[in-house]
């Protein structure tokens, strides 16, 4: 490997980052309750329900880790356009038409309006459409991992997603259950009984990452999580059957809990939910899903995992550059995620670990249709209060022909499981069960998370 | 009903029966399925032992069962249950006709089924399972089918990992035969027979990759689970070396995936694709040592059979299986019962019925801890206790999925969990099912309140419903009756009872 491209920017010790005073759990909860109460007032409703929920979390059965928000970009998103290696001249040789221009030399960061990459460091920049995420990177709550991926050699979307959602490096056949399912099966739930909304998939179908978990709600909308009664008054009768949930058996407790969640959601009225801090979500599926995710996080209903996905990344033809198809897809991701972060605010993001992943990246060289074919490594974004952000993690393998993996793809230098395992261990409070969650893996933490 | 309507109702499968018997007898049978006679009152004396037995040995009582089975008839009931046949021939007409219409069960080979869509096969399999659990007179057999289907779990959506070059096949197509010839055939038989059938089941070979377990490139997946989950249990006294040796013994146990060809040099054969096949060319014929027993070189297919013998004769197999049965039927791991069942296993050579009988008839069964119904248990018991009429199709299957237990779709080899915590998250879907059933909005499922009235009643009163659904005397559950006070009519009362905490346990 040539010296100039053997750039290793992995700070594995996790020290020396942008350390900020970390709020105590209690103050976070109070802050959350206050923020929620504000949203409440905007709806013209009494904050009692939310206050109640927040108090419940403050008990000894409260949260044991971050809430994981997982966004999967299905169809192989082009990591070389998302986190542009503008410092690598071979990038421009391989992508004369669709390459993203380097940031202006004088500019400190840039805002993407010039159609140029938004500077992350001296080597990488974000696609201009991802500019809304740049402030998060620079305030230290977002990290990028580059040249990350699995060992899947088939370059089949299906095979690669199957392996990744099962927490495997390769050979999806070797495990049938998903990594998140195994996490939920081995981690104690946040509450005394698992919340009925412990894991939520905002989709029509269950994701493979959660296959094998019994407590998953697959919802196209929060409005789906409802009690269908011939008369609304019957909810009172049910509540009477399930009593006060104190000193009761597991079913009675769970029933009581379920009724409380239903009541909270009803009063929260997700259909008319107003985001805080002037956050504006795009009207896209991802935007809508993240909006409802934020709503659930604020409601404190015991959600531990929220899974969302978004297609539109299989850019074989007409990928576009600073503008065009891919740019419009990235624009939606950036605006949706930025709105989510703004809506939750710093206190809310303290309890969130948000990941943006894709199954593999794309061919380095642009093709005759000005698109890119299936490749190998891509990049991954991690956001949240527990992230040692403001850095690009990984080991850059270089883009010279001899540095690529045949037939011309960015090599995988970081096993994606290193990232997920660090999240599970440090942020989701399940360090004891990494072997079960990621069988046959020997994860090496990048030091990208606190905890 | 017109004769033509009968045909339409029954579909092609019922046609033969109709031609033989004419329309009217069939019609009559259909009419009697929905109970029109009022239910007799609950018998005097303690009803708990019968209710507990029917909930543990089967999928709960039907509306009339508690009155029909006196407490001192439990042994007679159980003895009859233990003699259940594997076939459906003596079931009620309605059930027989509906089961015959399940195309997936009429084929002898997975490859014959491949004209059907995968989802359709899965839907039919679930339909047959739901119909049998709800309506079969052989309740204990169906209980054991549920037990073994999880013990020998197969994830139907897995793609068969084959070396053949033609289209990949989902295991869905292999499961119907496994269900019929392995699980149902041996549900109440001898465990060694069941294990042997499972070890040669193409569905199992495909699920745990033994079909690609070959000489020199052993695949240990099946060998490991065979010991860990099927026979000895974790810590059952085997080592990694044993796993490797068992895998070697089972090399060449595979699924026939060569194209069908007639008239080969070594004799004209019609290969049955998708069937079990021992491939001597892929078998490692060297000497092996399994759990300290030497298996001499040159044994061929007999190596694998010898392994199964060694495992099923092992005291740890007796203990592992006994503990699991005690857990499944009693809801605890009572050491005295585990010991007793293990002793019966070793004495009878693994007679499953002989192990079950004393445990299910024991007076202390009523004192055993409650067991949370899994979604499949809940649905079947709700259909039974309300005498509802379901076709077992998509309409009711939707709720299985919503509650988190779509059958044949548990991805891991350990089967659906039996812990309480795994299933308390499904209450909302249970409640919605209760109100949908009584409101008549579950597709393909009818419910008639009439079927639940007692003698002398125009419609079932609250006390009668409480006693039928909860198998408790109405006076003994004042708190439930208080909660029913605001219900508007018997449908709502019934829905609340099905949704109540008490009905979630068995």
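Chains as they are written, first to last, in our numbering: chain F, 1 to 451; chain E, 1 to 506.
Note that CB positions come from ideal geometry on N, CA and C, so glycine has one too.
* Contacts around residue 99(E), its chain only, beta-carbon distance under 8 Å, and the 5 residues preceding and following it disregarded -> Contacts found: 88, 91, 105, 128, 131 and 132.
* Taking 8 Å as the threshold, find out whether the stretch 417-427 of chain E comes into contact with the stretch 184-194 of chain F through three or more Cβ pairs. => Because the criterion of three Cβ pairs below 8 Å is met, the stretch 417-427 of chain E and the stretch 184-194 of chain F touch.
* Classify residue 158(F) as buried or exposed, calling it buried when 16 or more other Cβ atoms lie within 10 Å of its own Cβ. => That one is exposed.
* Could you spell out the range, first to last residue, of the alpha helix (DSSP H) harbouring residue 381(E)? => Per DSSP, residue 381(E) belongs to the alpha helix (DSSP H) from 375-385.
* To do: Identify whether residue 278(E) lies in helix, strand or coil by the three-state DSSP scheme.
  => In the three-state DSSP reduction, residue 278(E) falls in the strand class (E or B).
* List the residues that DSSP assigns as beta-bridge partners of residue 67(F). => Looking at the DSSP assignment, residue 67(F) forms a beta bridge with 352(F).
* Chain-ordered neighbours of residue 486(E) on chain F, where CB pairs are closer than 9 Å -> Those within 9 Å of residue 486(E) in chain F are 233, 234, 236, 237 and 240.
* Output yes or no for whether 8 Å exceeds the beta carbon distance between residue 218(E) and residue 244(E). => Between residue 218(E) and residue 244(E), the CB-CB gap stays under 8 Å.
* Distance, Cα to Cα, residue 304(E) vs residue 250(E)? -> Taking the straight line from one Cα to the other gives about 5 Å.
* **Sub-8 Å separation of residue 121(E) and residue 155(E) beta-carbons** => In this structure, residue 121(E) keeps its C-beta atom at 8 Å or more from the C-beta atom of residue 155(E).
* Note down the Cα distance separating residue 212(F) from residue 203(E), rounded to an integer number of angstroms. => Spanning the alpha carbons of residue 212(F) and residue 203(E) requires a straight line of approximately 19 Å.
* Taking the C-alpha atoms as reference points, what is the distance between residue 198(F) and residue 215(F)? -> Taking the CA atoms as reference points, residue 198(F) sits about 7 Å from residue 215(F).
* From residue 486(E) to residue 437(E), what distance separates their C-alpha atoms? -> CA-CA distance, residue 486(E) to residue 437(E), rounds to 19 Å.
* Asked: At a CB-CB cut-off below 7 Å, which residues of chain C make contact with residue 93(E)?
  -> In the displayed structure, chain C is absent; the protein chains listed are F and E.
* Asked: Are the C-beta atoms of residue 161(E) and some chain F residue less than 8 Å apart?
  -> Chain F contact via Cβ: present.
* Quick one: which chain F residues come within Cβ less than 7 Å of residue 155(E)? -> Within chain F, the residues placing a beta-carbon under 7 Å from that of residue 155(E) are 176, ordered along the chain.
* **Complete alpha helix (DSSP H) runs within the stretch 34-106 of chain E (minimum length 4 residues, chain order)** => Taking 4 residues as the minimum length, the alpha helix (DSSP H) runs contained wholly in the stretch 34-106 of chain E are 48-57, 65-68, 74-82 and 93-100, in order along the chain.
* **Spatial distance of residue 179(F) from residue 318(F) (CA atoms)** => Taking the straight line joining both Cα atoms gives about 35 Å.
* 8 Å Cβ cut-off: residues of chain F touching residue 77(E) -> In chain order: nothing, as chain F lies at least about 28 Å away.
* Tell me whether residue 138(E) sits in a helix, a strand or coil according to DSSP, three-state version. => In the structure shown, residue 138(E) sits in coil (DSSP, three-state: anything other than H, G, I, E or B).
* Per DSSP, residue 83(F) is paired with what? -> DSSP output for residue 83(F) lists 126(F) as bridge partner(s).
* Give the secondary structure of residue 414(F) by DSSP, where H, G and I count as helix, E and B as strand, and everything else as coil. => Under the three-state reduction of DSSP output, residue 414(F) falls in the strand class.
* Of all Cβ atoms in chain F, is any one closer than 8 Å to the Cβ of residue 492(E)? -> Yes - at least one Cβ of chain F is within 8 Å of the one on residue 492(E).
* Asked: Using a beta-carbon distance cut-off of less than 7 Å, what residues from the stretch 177-210 of chain F approach chain E?
  -> Under the 7 Å Cβ criterion, the stretch 177-210 of chain F contributes 177, 193, 194, 196 and 198.
* Asked: Is it a yes or a no for the stretch 82-92 of chain F touching the stretch 399-408 of chain F, going by three-plus beta-carbon pairs under 8 Å?
  -> The way I'd put it, the stretch 82-92 of chain F does touch the stretch 399-408 of chain F; three or more beta-carbon pairs between them come closer than 8 Å.
* To do: May I ask you to list, following chain order, the residues of the stretch 433-452 of chain E that have a beta carbon less than 8 Å from some beta carbon of chain F?
  => Answer set for the stretch 433-452 of chain E: 435, 436 and 439.
* Validate contact between the stretch 432-446 of chain E and the stretch 220-229 of chain F using beta carbons, cut 8 Å, 3 pairs -> Result yes; three or more Cβ-Cβ pairs closer than 8 Å.
* Do residue 399(E) and residue 379(E) have their C-beta atoms within less than 8 Å of each other? -> The beta carbons of residue 399(E) and residue 379(E) sit closer together than 8 Å.
* **Local conformation of residue 31(E) per DSSP, three classes** => Confidence is the limiting factor: at residue 31(E) the pLDDT is only 39, short of 50, which leaves the residue's position unreliable, though a coordinate-based value still follows. Helix.
* Asked: Around the Cβ of residue 49(F), are there at least 16 other Cβ atoms within 10 angstroms (buried) or fewer (exposed)?
  -> Low per-residue confidence applies at residue 49(F): pLDDT is 36, beneath 50, and the placement is therefore not dependable, though the value from the model is reported in the following sentence. With 16 or more other Cβ atoms inside 10 Å of its own Cβ, residue 49(F) counts as buried.
* DSSP three-state call for residue 412(E): helix, strand or coil? -> Looking at residue 412(E) - three-state DSSP - the assignment turns out to be coil, as it is neither helix nor strand.
* **Assigned secondary structure, residue 273(F) (DSSP; H/G/I helix, E/B strand, else coil)** => In the structure shown, residue 273(F) sits in coil (DSSP, three-state: anything other than H, G, I, E or B).
* Which two residues bound the contiguous beta strand (DSSP E) that contains residue 105(F)? -> Residue 105(F) -> no beta strand (DSSP E), and no H or E assigned at all.
* Asked: Interface residues of chain E around residue 230(F) at Cβ under 9 Å?
  -> Under a criterion of Cβ atoms nearer than 9 Å, the residues of chain E adjacent to residue 230(F) are, in order, 435, 438, 439, 488, 491, 492 and 495.
* Asked: Got a sec, what are the start and stop residues for the beta strand (DSSP E) residue 288(E) sits in?
  -> Its beta strand (DSSP E) spans residues 288-290.
* Do the stretch 462-473 of chain E and the stretch 42-54 of chain E meet, that is, are 3 or more Cβ pairs less than 8 Å apart? -> At 8 Å Cβ cutoff, the stretches touch.
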